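Just below is one structure, and these are the notes that go with it.
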Amino acid sequence: CHNGHTLCSTCKARVHNRCPTCRQELGDIRCLALEKVAESLELPCKYYTHGCPEIFPYYSKLKHEAQCNFRPYNCPYAGSECSVVGDIPFLVAHLRDDHKVDMHTGCTFNHRYVKSNPREVENATWMLT
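Under full-length UniProt numbering, think of the first position of the sequence shown as 1, with each following residue one higher.
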């Protein structure tokens, strides 16, 4: 509020835009003191339970999480509306077991795929080696 009392956005809605300490109307004022506290915080990646060991300053955490290697991915199976989400090892097992994809353990393999234009089909060996 204008008197310097702090309140989170969830509580602000509950107190009907009135400061519970001084009853002044709450504005949309930034709380610089709490922003400074946030700058000093170091937080684990939200995918730490999936194996990410990284810890970041508050303001760079979101950028990392958007590209974290441990983040969940959507099922990449082509031509399906599969809604399964998981990490890479989980999706490999899912593709093999549920979609019956022939998973190879070598370095290269020939695989034909359909592009967004179904009339364009090409060999993807060069992309995968």
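Note that CB positions come from ideal geometry on N, CA and C, so glycine has one too.
These numbers were taken from a predicted model, which means no experiment stands behind them.
Specify the secondary structure class of residue i as computed by DSSP and reduced to three states.
i   : result
Y77 : coil
P72 : coil
V85 : strand
Alpha carbon to alpha carbon, how far is residue j from residue i? Give it in angstroms, no decimals.
i    : j   : result
C82  : H94 : 11 Å
A13  : N3  : 18 Å
V92  : G79 : 17 Å
D97  : P72 : 18 Å
N74  : V85 : 5 Å
F56  : P89 : 25 Å
T10  : N17 : 11 Å
E25  : V15 : 10 Å
K100 : D87 : 18 Å
- [ ] Go through the stretch 6-54 residue by residue and report every complete run of the beta strand (DSSP E) that reaches 3 residues or more, in order.
- [x] 42-44
Task: At least three beta-carbon pairs within less than 8 Å, the stretch 31-40 to the stretch 60-78 - done: no
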